[in-house]
């Protein structure tokens, strides 16, 4: 029984003792501060409750805070150490809540200059917390004394407090610079560190003053390793700003710190060197050598720091880290699994092709010992290694499949699945084994998102394999055993097999007919739709509705339908009026598993532009926005006026959006326009000026150009541009502007209207089916010699970019060593006309191309065919 009572007491005591306190009750208890004699223990408890309430977000009114402050002044009569320090803490927390915080200034000043060193440092911090610009004058003398105080804790407190004061009274604190410089020569490591930090903060806007300060300490040296680390960081920043390169004395100083006696300074110098821009492997060698020594340090913190920094270096310069591979391999068995994981991922980035097998064996031996977070990091490193050594795909596929069967969470499994998919897409010979491994995984997969992704992949790649029927069983099992979302994905995958494999069509129709009785609406509707579509045995129909699907933007489709319903019209809704799904060029594809993207959909760049342009009255009659280009710089970034142009293509017009920035602080530009000199039948029909362009605030002006309709194939031109405006001088300090101004102009770079501006990229999942769907009615063919390129990969890149079309079925990747390649391109020409191109490339004394173009419009086919010539 006594033992049980003890356990209950411990259980009761483990909770939060302040969980149920109330603000009003605590402030009532604070009246005990005024009692005589003072009860230090009780007062400490009440002060703790007040601090707790403030940190919990409780709002204490100004009157309540003032009353508490008055009561706390009585507590300074006691010399109890714990209670006095609690007073200082409470004053700092409540300083902003009352306008009468100055009532404790006298008490704090007394403590600050008293004999009790244990009170002085805390009193300095509390005093600076309640001081503002109006009362700082009164304590300036005391602060100067404290900064150079012989007691190190007081000097550090004064320096740190002065740093906080610079946020509001920087000019005032600058008057203490002599005292701060004196503290920089202190023997105490923390005082010197804080003094250097404050001195840099006071001079950081003065580049010359900062440079002098750094050079002074570079010559005289410092005793504090912390101050050395800060000096290295300041020197690195100056080196980056000056772009001085490796011949600068600053770089020599940082490199000399690699030989410092303090490990902290050595690491800081090594870290600074490896983080410098444009460093070569040779220049990184001294820093890498130092980091290599850290790998064998008995201290886990230094081993971790060394391997983590080398991991970063390996991302850009794997060859520089190769010398450390032996030490890194020794860390794979480190007791700290964070260090082991970093060692493995670094080796995966730096290892040679011959070491892949050994590395993969070592990985599998310790994967079960680390958390899922680290497992994901390792899998991503394996994925990067797969891209580096394609010939090792078979080895890595086997290891990945065994990892897929192990225990793990969603993120870990997702990373493995993505890695396997990347391998089978890159390596055709690995496709069947990869699909087989994924089929086995979905038999027991508990993650709906992964199951649907794999089923979609099977529907896309399975029909192209030599024996597609073997995947039908795995897919139909999902129809029988899984939830609604997976069943719906499985039905769609079955339909793709039926659309591409004529011998399997009767079996697919039979399976789809069973799903037509499914209890879920989505599954039932899909099965019915696909069954009747496949029953028609019409190739163009199956291509349009099963294999290649809808290419329009769903949010844009919804918006267009709402607009169509608002306006009475006898004409049927035209799908060609709906903007297409934009395929990003340089931006990375969004993670389709990301929960954030699912919870909060973000409007596409083109939808944002469409919304902005629709607000301009001059553009309201232009129709739906077809395409927006990437911005093109029309000036250098260092010029007085910075202008860049974005081209917006409409059915019969092109709108040029000029984003302008005025970098002169003594001028304001008014009535800003970009005058366009038309040519080749292109006509400017409207300008939308920017009313005013003030210093460093971007403004927008537009020019609307009509595309010539006499010759539909005449779609390219070069437009000369001149920025015109009214200049008014202004005072940079007050912003006052002169009433009178003068007209001025600034010549810009020319704007090219190219074929790519009239073509929107679309991705055809099955190019062959789309090719047959369009047909050869509007087919054109020609042969070209590409004299400006020397490799097939360069030819593929240039052709795709110039035509503005999307490469399909990964035809933009040219296998190594190949002398012939076929590029498949898909797009939609302005007006909603499908355009497909097949470019057969041969490398022999240059690149020769046979280009075949098919389109639903003969003019569009002519534009694409004549573009290359």
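Numbering (the working numbering), first residue to last: 24 to 892. Glycine residues also receive a C-beta, built at the ideal position from the N, C-alpha and C atoms.
Buried versus exposed, by CB contacts within 10 Å (16 or more), residue i
i           : result
residue 584 : exposed
residue 243 : exposed
residue 42  : exposed
residue 864 : buried
residue 896 : In the structure as shown, the chain starts at 24 and stops at 892, and residue 896 therefore has no counterpart that could be examined.
residue 610 : Note that residue 610 scores a pLDDT of 40, beneath 50, so its modelled location is shaky; the value from the coordinates is reported in the next line. The residue in question, residue 610, is exposed, as its Cβ has fewer than 16 Cβ neighbours within 10 Å.
residue 504 : exposed
residue 354 : buried
residue 22  : Since the first residue shown for the chain is 24 and the last is 892, residue 22 is missing from the structure and cannot be characterised.
residue 343 : buried
residue 686 : exposed
residue 328 : buried
residue 78  : exposed
residue 358 : exposed
residue 644 : exposed
residue 623 : Low confidence applies here, because residue 623 scores a pLDDT of 42, under 50, leaving its location unreliable and the question unanswered by this model.
Three-state class that DSSP yields for residue i in the structure shown
i           : result
residue 109 : helix
residue 58  : coil
residue 576 : coil
residue 495 : helix
residue 708 : strand
residue 569 : helix
residue 647 : coil
residue 583 : helix
residue 741 : strand
residue 604 : coil
residue 96  : helix
residue 559 : coil
residue 831 : coil
residue 760 : strand
Residue i, enclosing beta strand (DSSP E) - first and last residue
i           : result
residue 728 : 722-729
residue 680 : 676-685
residue 692 : 690-700
residue 873 : 870-878
residue 138 : From DSSP, residue 138 is part of no beta strand (DSSP E); its letter is neither H nor E.
residue 856 : 856-866
N- and C-terminal bounds of the alpha helix (DSSP H) containing residue i
i           : result
residue 327 : 323-339
residue 296 : 286-297
residue 72  : 63-78
residue 471 : 471-484
residue 127 : No alpha helix (DSSP H) contains residue 127, which DSSP labels as neither H nor E.
residue 665 : Careful: residue 665 lies outside any alpha helix (DSSP H), inside the beta strand (DSSP E) at 664-672.
residue 196 : 175-196
residue 48  : 46-52
residue 454 : 454-466
residue 852 : Residue 852 -> not in any alpha helix (DSSP H); beta strand (DSSP E) instead, spanning 843-852.
residue 528 : 528-538
residue 314 : 304-317
residue 272 : 272-279
residue 826 : 815-826
residue 716 : Residue 716 -> not in any alpha helix (DSSP H); beta strand (DSSP E) instead, spanning 713-716.
Residue i beta carbon near the ligand NAP (any heavy atom closer than 7 Å)
i           : result
residue 601 : Questions concerning the ligand NAP fall outside what the structure shown contains, since it holds no ligand whatsoever.
Closer than 8 Å to chain C by CB, residue i
i           : result
residue 805 : Reference to chain C is not applicable here, since this structure consists of a single protein chain.
Whole alpha helix (DSSP H) elements within the segment 763-804, 4-residue minimum = List check, alpha helix (DSSP H) in window: 790-797.
Inspect the CB distances between the segment 834-843 and the segment 766-774 and report whether three or more fall short of 8 Å.
-> They do not touch, by the three-pair rule.
Every unbroken alpha helix (DSSP H) within the segment 400-443, with a cutoff of 4 residues, ordered by chain | Whole alpha helix (DSSP H) segments, 4+ residues: 416-428.
Take every Cβ of the segment 782-789, pair it with every Cβ of the segment 697-713, and state whether three or more of those distances are shorter than 8 Å.
-> No, the segment 782-789 is not in contact with the segment 697-713.
Scan the segment 210-258 and note each continuous alpha helix (DSSP H) run of 4 residues or more that stays entirely inside, going in chain order.
-> Given a length threshold of 4 residues, each whole run of the alpha helix (DSSP H) inside the segment 210-258 is given here in chain order: 212-226, 230-243.
Does the pairing of the segment 816-831 with the segment 758-769 give three or more beta-carbon distances under 8 Å?
-> As far as the Cβ criterion goes, the segment 816-831 does not touch the segment 758-769, which means the pair count is below three.
Taking contact to mean at least 3 C-beta pairs separated by less than 8 Å, is the segment 638-656 in contact with the segment 669-689?
-> In this structure the segment 638-656 lies against the segment 669-689, because at least three pairs of beta carbons, one per stretch, are closer than 8 Å.
Meets three-Cβ-pair contact criterion under 8 Å: the segment 487-503 and the segment 439-450 | In short, these stretches do not touch, since the Cβ pair count stays below three.
Contact between the segment 166-174 and the segment 127-134: three or more CB pairs below 8 Å?
-> At 8 Å Cβ cutoff, the stretches do not touch.
Stretch-stretch touch, CB-based, cutoff 8 Å, three pairs: the segment 563-577 with the segment 537-545 = Cβ pair count under 8 Å is below three, so no.
contact_flag[the segment 719-728, the segment 749-760] where n(CB pairs < 8 Å) is 3 or more = Under the 8 Å Cβ criterion, the segment 719-728 does not count as touching the segment 749-760, having fewer than three qualifying pairs.
Can we say the segment 543-563 touches the segment 806-821, given the rule of at least three CB pairs closer than 8 Å?
-> The segment 543-563 is not in contact with the segment 806-821.
Taking three-plus beta-carbon pairs below 8 Å as touching, is the segment 803-815 in contact with the segment 567-574?
-> Contact fails: fewer than three Cβ-Cβ distances are below 8 Å.
Residue ranges of each alpha helix (DSSP H) run of no fewer than 4 residues wholly in the segment 345-388, ordered along the chain?
-> Complete alpha helix (DSSP H) runs here, min 4: 348-353, 360-373.
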